[in-house]
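Numbering (the working numbering), first residue to last: 313 to 457.
Glycine residues also receive a C-beta, built at the ideal position from the N, C-alpha and C atoms.
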């Protein structure tokens, strides 16, 4: 007599993800340049820059327009609300539609009303700032809610 076995297979079907890329096209990074920052005349608002990104969620975007985004990055050592940079006394404040977007926290939005993202350098008050170039990196993730 042949033996019989029951085989159970579980599959989790998920929506396809959205592609997020820089203004130079798919597969290109999102880059923000602050140019030269004059420490003697520094105000955060003077150096706020738009984060120009493109979002493509394919044909599913109209049937499921509810999305969420997150900027994955390390937090600045002197302020966890800021993104860490290569300069220990300089962080970046990321905002979505003029509201603080904390590192690694989601913000809900819809495909039709994509948020305006900005980055603003913030100095650690009372600390010496290292002169020269600085860099910061992170991953901008967009997912369905």
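Looking only at its own chain, which residues have a Cβ that is under 6 Å from the Cβ of residue i, when we skip the five neighbours before and after it?
i: residue 388; result: 394, 396 and 403
i: residue 427; result: 408, 409 and 421
i: residue 448; result: 395, 397 and 404
i: residue 416; result: 384
i: residue 455; result: 380
Please classify residue i as buried or exposed, where buried requires at least 16 neighbouring CB atoms within 10 angstroms.
i: residue 434; result: buried
i: residue 346; result: exposed
i: residue 399; result: buried
i: residue 354; result: exposed
i: residue 406; result: buried
i: residue 429; result: buried
Within its chain, find whatever has a CB closer than 7 Å to the CB of residue i; leave out the 5 residues flanking it on each side and keep chain order.
i: residue 338; result: 331
i: residue 335; result: 364 and 366
i: residue 453; result: 381, 382 and 384
i: residue 423; result: 369, 373, 377 and 379
i: residue 341; result: 334
Using only CA atoms, which one of the options lies nearest to residue i?
i: residue 432; options: 359, 380 and 384; result: 359
i: residue 445; options: 391, 423 and 348; result: 348
i: residue 361; options: 343, 456 and 443; result: 343
i: residue 441; options: 322, 315, 319 and 350; result: 350
i: residue 352; options: 390, 443, 455 and 457; result: 443
i: residue 418; options: 315, 457, 319 and 371; result: 457
In whole angstroms, what separates the C-alpha of residue i from that of residue j?
i: residue 378; j: residue 413; result: 18 Å
i: residue 329; j: residue 401; result: 36 Å
i: residue 450; j: residue 317; result: 48 Å
i: residue 321; j: residue 439; result: 58 Å
i: residue 390; j: residue 436; result: 7 Å
i: residue 411; j: residue 371; result: 29 Å
i: residue 386; j: residue 425; result: 27 Å
i: residue 315; j: residue 392; result: 60 Å
i: residue 323; j: residue 357; result: 49 Å
Measuring only between beta-carbons, confirm whether residue i sits less than 8 Å from chain D.
i: residue 447; result: The structure shown has no chain D; it contains just one protein chain.
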